[in-house]
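Enquirer:
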Amino acid sequence: MVVRYESLDVWKKSFSLSLFVYQTFAALRDFGLKDQMCRSAVSVPSNIAEGYERYSDKERAFFL
2 MVVRYESLDV WKKSFSLSLF VYQTFAALRD FGLKDQMCRS AVSVPSNIAE GYERYSDKER
62 AFFL
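In the working numbering, the protein residues as written are 2 to 65.
(1) Would you decide whether Ala42 is buried or exposed? Buried here means 16 or more other CB atoms lie within 10 Å of its CB.
(2) For Tyr53, which residues of its own chain have a beta-carbon under 6 Å away from its beta-carbon, when the five flanking residues on both sides are left out?
(3) Given 8 Å as the limit, is there contact between the segment 20 to 28 and the segment 44 to 51, that is, 3 or more CB pairs closer than that?
(4) Using CA atoms only, rank isn't needed, just tell me which of Ala62, Arg55, Asp58, Val45 is closest to Val11.
(5) Keeping to the same chain, check which residues put their C-beta closer than 8 Å to that of Lys13; ignore five residues upstream and five downstream.
Here it is, written out as structure tokens:
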């Protein structure tokens with residue numbers, strides 16, 4: 002049984018992807034695109050973490 006969301010492989014991979022996106026777009030001069038890409042990348046592990054904390058399967062599925 003998984004005790005914390007940080008133990009989930011999908012969360013680890015999405016977190017690594019968000020770090021990659023931040024590093025890749027760090028020097029980009031198009032600040033609108035950079036901001037959107039970074040916010041989108043962070044939303045994936047954030048939604049996984051938030052969904053993991055939900056109590057019902059229906060609520061959990063909404064975030065995943």
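For each residue, glycine too, the CB sits at the ideal point set by N, CA and C.
Expert: In short, the structure shows the following:
(1) Position 41 of the sequence shown holds residue 42. The residue in question, Ala42, is buried, as its Cβ has 16 or more Cβ neighbours within 10 Å.
(2) Stepping through the sequence shown from its first residue, residue 53 is reached at position 52. Same-chain partners within the cutoff: Tyr6.
(3) By the Cβ criterion, the segment 20 to 28 is not in contact with the segment 44 to 51, since fewer than three pairs of Cβ atoms, one from each stretch, lie closer than 8 Å.
(4) To locate residue 11, count along the sequence shown from 1; it is residue 10. Nearest to Val11 by C-alpha distance, out of Ala62, Arg55, Asp58, Val45, is Val45.
(5) Residue 13 sits at position 12 when you count from the first residue of the sequence shown. So the qualifying residues of the chain are Glu7.
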